[in-house]
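For reference, the structure is listed below as structure tokens.
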Amino acid sequence: MKIFKYNEKVQFPIEKLSVAMGNFDGLHLGHRSVIDLARPKQSSEKFGVLTFDPHPREFFFPDQKPFRLMAQTTKYMKLKTLGVDILLEVPFTKQLSVLDPNDFVNKVLHQYFHLDHVVIGADFKFGHQRKGDAKLLKSIGSSLGIKVTVASIIKNEMTEISSTAIRKALKNGFPERASKMLGEWYSVVGEVIEGDKRGRTLGYPTVNLELDNLHLPKFGIYSAVVKILTGKHKGSYSAAVSIGERPTYGKQKPNLEAHILNFSDDIYGEEVSVSLICFQRPETKFSSSEKLIEQMQKDCIIAKQVTKKIGM
Numbered sequence: 022m023k024i025f026k027y028n029e030k031v032q033f034p035i036e037k038l039s040v041a042m043g044n045f046d047g048l049h050l051g052h053r054s055v056i057d058l059a060r061p062k063q064s065s066e067k068f069g070v071l072t073f074d075p076h077p078r079e080f081f082f083p084d085q086k087p088f089r090l091m092a093q094t095t096k097y098m099k100l101k102t103l104g105v106d107i108l109l110e111v112p113f114t115k116q117l118s119v120l121d122p123n124d125f126v127n128k129v130l131h132q133y134f135h136l137d138h139v140v141i142g143a144d145f146k147f148g149h150q151r152k153g154d155a156k157l158l159k160s161i162g163s164s165l166g167i168k169v170t171v172a173s174i175i176k177n178e179m180t181e182i183s184s185t186a187i188r189k190a191l192k193n194g195f196p197e198r199a200s201k202m203l204g205e206w207y208s209v210v211g212e213v214i215e216g217d218k219r220g221r222t223l224g225y226p227t228v229n230l231e232l233d234n235l236h237l238p239k240f241g242i243y244s245a246v247v248k249i250l251t252g253k254h255k256g257s258y259s260a261a262v263s264i265g266e267r268p269t270y271g272k273q274k275p276n277l278e279a280h281i282l283n284f285s286d287d288i289y290g291e292e293v294s295v296s297l298i299c300f301q302r303p304e305t306k307f308s309s310s311e312k313l314i315e316q317m318q319k320d321c322i323i324a325k326q327v328t329k330k331i332g333m
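When we follow my numbering, the leftmost residue of the sequence shown carries the number 22, and every step to the right adds one.
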């Protein structure tokens, strides 16, 4: 996948490109339907995704709690897996934020990127103060020779599929609901960092991941699957995962600790994906290390049973 950043000083080298446009946080089933509509019928033709960085919400509300469902690097990795050939990244700046809808379409989509087909979700908004919508984009596009396709909002048996609905499911401790909307297990991807090694001292070594700039699921213990993506231990493993502040040892910065069942090798620096299967119990402060170990034994038994049901 080739990545091009919007830069007025550098000429964009591709003519007549079909793209899906949006923020695509989480790349859920609704996002994938938008991307599929941008995919040309001829497999030999290339197509792209146009997205914004930072997310407009981060630009306008920099002090807000992190809300992203995935890191930007994870999103790009998944877009590549989905077969996207070209990624167009538009820096969301003050200058861009004040462009009215007509200027955005004319200047960015038409004059710079030379797009001939744009696909958006039905709820997509653009331009200064979000004044642009699907109807307006179709109108402006038709005057510039840009075909605009609007993808319908997808629903499942519970709700409309959206990044907001996924965040709510995770915050309430229902990763399985989030996964149904994502079309795959909700996962946190990152590089294994060195922790305080307390888990190893207790007999339960953990894989540690930072959760910086990500939406935080409900604090507690989860049954999970850890997929080691790099190094000599590549593969998928059952795990019990703790997400939270580890209150037994004093409130700390939230992080993710995964105890891989029947695994004790060091994998510092390796890339892993931690998929949350189901919530087991809330985060608890224990009166002693012995009480904590006793509960961890129970957590691991439950995690083994749960992951066995999904073929681990």
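Even for Gly, the Cβ is constructed at its ideal location relative to N, Cα and C.
In this chain, residue 170 is not harboured by any alpha helix (DSSP H); it is covered by the beta strand (DSSP E) spanning 168–172. In the three-state reduction of the DSSP assignment, residue 220 falls in the helix class. In the structure shown, residue 34 adopts coil according to DSSP, grouped into three states. In this structure, the straight-line span from the alpha carbon of residue 169 to that of residue 43 is close to 13 Å.
The beta carbon of residue 281 is closer than 6 Å to those of 247, 258, 260 in its chain, skipping five residues each way along the sequence. Residue nearest to residue 154 within the set 297, 114, 172 is 172 (criterion: CA-CA distance).
In the assembly as shown, residue 278 is a buried residue. Its beta-carbon has 16 or more other beta-carbons within 10 Å. Contact between residue 74 and residue 134 does not hold, since their C-beta atoms are separated by about 16 Å, which reaches or exceeds 8 Å.
Secondary-structure assignment with DSSP links residue 229 through a beta bridge to 214, 278.
Secondary structure of residue 112 (DSSP, three-state): strand. Rounded to whole angstroms, the gap between the alpha carbons of residue 194 and residue 300 is 6 Å. The C-alpha of residue 319 lies about 19 Å from the C-alpha of residue 285. Taking a contact to require three or more Cβ pairs closer than 8 Å, the segment 188–205 and the segment 58–71 do not qualify as touching.
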